[in-house]
Amino acid sequence: MEMLTIGAFARASRLSPKALRLYDELELLRPARVDPGTGYRYYAVQQLERARLVAWLRRLGMPLAGIREVCALPPAEAAREIRAYWARVEADTAVRRDLAAFLTDHLSTESRKDTTMLELRYCAHTDTGHVRTANQDTVYAGRRLLAVADGCGPAGGPASGAAVEALKFLEGEDLAAGGVLNLLEDAVQGASRAVRDLAAGDEETGTTLTALLWTGSRLALVHIGDSRAYLLRDGELFRITHDHSVVQSLIDEGRLTPEETASHPQRALLAKALTGGTPAAPDLRLHDARPGDRYLLCSDGLSGVVPDDEIRRLLTADPDPDRAVHALIDAANAAGGPDNVSCVVAEVVEAAAASLV
Ligand code: MN
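Each residue of the sequence shown is one higher than the one before, counting from 0 in numbering that gives the first Met the number 0.
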């Protein structure tokens, strides 16, 4: 075996001797031989590849435990682990990116005076579906607040009800003073506490929560679980929430294709929800409203069986929120109605136009 001194190995691997000593201490890259008399480290030429991989993974920001794991794997599996690691980084970053966008939006439009008065026309409805015996979904729509919650577990119905109930104080809050983010955070903590109290230690009981708070010119979104929010703008449908489900995490990490999810046995498992267990952080976002925007909140009883194209068609077809909600629920039931189905549709309208309705 050809041996290199630490200096020669450092030059060949473009790492400093200091870095090599650190990797040795961290057990990421042990020298092939340490002279018992002098303590000098010697490396085998074959170790160069690993040294470079360690250096690149460090540059990627991978934690040491992850690097150790990747280095021990054959190349194809190592590639999979790196992809999965990066998907997690991007998911974490996306949450922080949204928070940053929320804050910049909030601060930069704080003093903006809107000349057009906008308001919402809305409708909410929920249906048990054709298969379940009980409805564990809860929906709500008011002047300020729109919400969908999909309960699961033994006390799923009361859990979704308690979560939505805990948000209703927002209807009466003065939002002009700003502080929307704090208000929402308080509201979600209240909802989380309400579910935890109700579940009384039962970790099976929980609920999703997807809600929009109307501020007069914007909609603040709070989201946890796999219920969804969509925006229909200029005839295009955008999904504005990310499913906190186990299969979505597997897709994000490149371990599963979207096509494989329909038959996946764990497709109903949530990665995050309000439960009796450890509290999890919801996604928060702020959306500028434009006249003509239509928002849809729904439980997976709709999105699980009605494709996005059909949702877009039904949402576009009838300008009346009440009829749109019922058309969407009918579509879910026509597709078998395997789950409770809930929809809230809200349209942003100019205040003058709304008062004529
Ligand atoms: Mn459901």
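The beta-carbon is built from N, C-alpha and C at its ideal position, and this holds for glycine as well.
- Under the DSSP assignment, histidine 325 falls in the alpha helix (DSSP H) whose first and last residues are 320–333.
- Shortest gap from the CB of glycine 336 to any heavy atom of the ligand MN: 7 angstroms or more.
- Beta-carbon to beta-carbon, valine 163 and alanine 140 are separated by about 10 angstroms, too far to satisfy the 8 angstroms threshold.
- Distances from the alpha-carbon of arginine 143 to those of Ser298, Leu212 and Lys271 put Leu212 closest.
- Under the three-state reduction of DSSP output, alanine 280 falls in the coil class, being neither helix nor strand.
- Leaving aside the five residues that flank serine 159 on each side, the residues in its chain whose CB is nearer than 7 angstroms to its CB run, in chain order, Gln135, Asp136, Thr137, Ala148, Asp149, Gly150 and Thr206.
- Secondary structure at threonine 37: coil, using DSSP grouped into helix, strand and coil.
- Around the beta carbon of threonine 204, a 10 Å sphere encloses 16 or more other beta carbons of the protein chains shown; the residue is thus reported as buried.
- Looking at the DSSP output, histidine 124 shares a beta bridge with Cys342.
- Glutamate 235: member of the beta strand (DSSP E) spanning 235–238, first to last residue.
- Under DSSP, the beta-bridge partners assigned to leucine 230 are Phe237 and Tyr294.
- For aspartate 299, the shortest C-beta to heavy atom distance toward the ligand MN is below 7 angstroms.
- With 16 or more other Cβ atoms from the protein chains shown falling within 10 Å of its own Cβ, glutamate 346 counts as buried.
- For threonine 137, the uninterrupted beta strand (DSSP E) run begins and ends at 136–140, by DSSP.
- Each of Val33, Ile310, Leu52 and Ala43 was checked against the Cα of alanine 7, and the nearest Cα belongs to Ala43.
- The nearest non-hydrogen atom of the ligand MN is less than 7 angstroms from the C-beta of aspartate 149.
- A direct Cα-to-Cα measurement between arginine 254 and alanine 83 gives close to 8 angstroms.
- Using a cutoff of 7 angstroms, the CB of asparagine 134 does not count as near the ligand MN, since none of the ligand's heavy atoms is closer than that.
- The alpha carbon of alanine 331 has as its nearest neighbour, out of Ser244, Val344, Ile310 and Val348, the alpha carbon of Ile310.
- Contiguous alpha helix (DSSP H) elements confined to the segment 147–229 occur at 155–164 and 179–198, taking only those with 4 or more residues.
- The C-beta of glutamine 188 has fewer than 16 other C-beta atoms within 10 Å across all chains shown, which makes the residue exposed.
- Rounded to the nearest angstrom, the gap between the Cα atoms of alanine 86 and serine 244 is 15 angstroms.
- Alanine 165 places its beta carbon 8 angstroms or farther from that of alanine 199.
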